[in-house]
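> Counted from 1, the sequence shown has number 313 at position 91 by our numbering; the numbering is strictly sequential. Beta carbons are placed, not taken as given, at the ideal position from N, Cα and C, and that holds for glycine. The model shown is predicted, which means the values in this text are computed figures rather than measured ones. Here it is, the structure in full.
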Amino acid sequence: MKKSLVTLLISFAVFSLSGCMLGRSTVKKNYYMINGIEYGETQKESGHIHAPLNAVTVNVSQFQISSAMKRNSFIYRRSETKYETDFYNEFMASPSEMITSNFSRILLLNGFNVIPGLSDYSVYGSLNAFYVDFRDPDAPKSVIDLNIVTRSNSDHKPVGTKHYFYQQTAQEKTPEAVVEAFNVCLSRILADFVDDFTEFTGK
């Protein structure tokens with residue numbers, strides 16, 4: 223009798239727990255990617271899209287990112303000192319990975335031979351800021367701030383360094399509008415970078 227009672231109580235507990243789990247609402251997250259390549263600013267300002275491949279080889283190293291920005295969730299700046307993360311809206315990859323990939327692709331599209339390992343030039347990046355500025359709640363701005371170093375591998379010396387900072391007001395206070403504003407910022411940076419890289423290398 224005791225054994226039957228214990229079995230019954232265990233079965234009831236398992237059933238109750240299952241019911242709680244089934245009844246619990248599922249948390250839905252939204253995931254996004256940034257892509258400045260296909261945005262109009264890059265296509266318009268960089269006049270060598272789909273140029274023939276030339277002999278110059280380039281290695282684009284994974285961009286570094288400040289520890290405060292090393293997360294996939296959206297980051298909102300609320301004041302001079304206060305930042306918040308968004309649990310529900312995230313990027314599919316880290317900001318440094320997405321931006322590094324965009325730099326590699328824009329060089330390829332402009333005719334440079336992007337390869338891993340030994341190359342004529344190396345490109346290094348440091349992502350200082352990647353967030354949404356909500357200090358003006360009515361006009362949130364997507365912000366990208368990074369430093370880029372181009373180095374000649376023949377003598378291991380930098381041939382050029384550049385600081386890029388762009389911010390773009392989101393058209394609406396929605397995740398989609400924020401991502402679109404990030405794309406505008408990145409497209410402008412990529413367009414400037416192609417011109418700067420061509421000037422630095424003389425290619």
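What distance in whole Å lies between the Cβ atoms of T279 and N335, which are believed to be in contact at a cut-off of 8 Å?
Indeed, because the Cβ distance is near 5 Å, the residues count as touching under 8 Å.
> Can you tell me which of L331, T303, V282 puts its alpha carbon nearest to the alpha carbon of A290?
Among L331, T303, V282, the Cα nearest to that of A290 is on T303.
> Measuring straight from C-alpha to C-alpha, what distance separates K266 and Y346?
Residue placement at K266 cannot be trusted, given a pLDDT of 43 that sits under 50; the coordinates are not used to answer.
> Per the DSSP calculation, L349 is bridged to which residue(s)?
Per DSSP, I287, L368.
> So the beta strand (DSSP E) S295 belongs to, where does it begin and stop?
Here the beta strand (DSSP E) through S295 covers 295-299.
> At which residues does the beta strand (DSSP E) containing F309 begin and terminate?
It spans 305-313 - the beta strand (DSSP E) in which F309 sits, taken as one unbroken run.
> Considering only their Cβ atoms, is the gap separating F296 from F415 smaller than 8 Å?
No, these two residues do not count as a Cβ contact at 8 Å.
> Could you give the DSSP three-state label for N405: helix, strand or coil?
Residue state, collapsed to three classes: helix.
> Less than 8 Å between the beta carbons of Y353 and Y305, yes or no?
Yes, they are a contact pair.
> Between which residues of its own chain and A403 is the CB-CB distance below 6 Å, once the five residues before and five after are set aside?
Same-chain partners within the cutoff: S364, Q390, A392.
> Compare the Cα-Cα distances from H378 to each of S344, D308, D360 and report the closest residue.
Considering only alpha carbons, the answer is S344.
> Using only alpha-carbon positions, find the residue among L331, P362, N350 that is nearest to S301.
For the residues L331, P362, N350, the minimum Cα distance to S301 belongs to P362.
> Check for me: the beta strand (DSSP E) holding F387 runs from which residue to which?
Per DSSP, F387 belongs to the beta strand (DSSP E) from 379-391.
> Have a look at L349, R299, N332 and flag the residue whose alpha-carbon is nearest the alpha-carbon of A277.
A277 has its Cα closest to that of N332, out of L349, R299, N332.
> Output the distance between the C-alpha atoms of A315 and D308, rounded to the nearest integer angstrom.
Rounded to whole angstroms, A315 to D308 spans 15 Å at the Cα level.
> Using DSSP bridges, identify the partner residues of T279.
DSSP, once it has assigned bridges, lists N335 as partnering T279.
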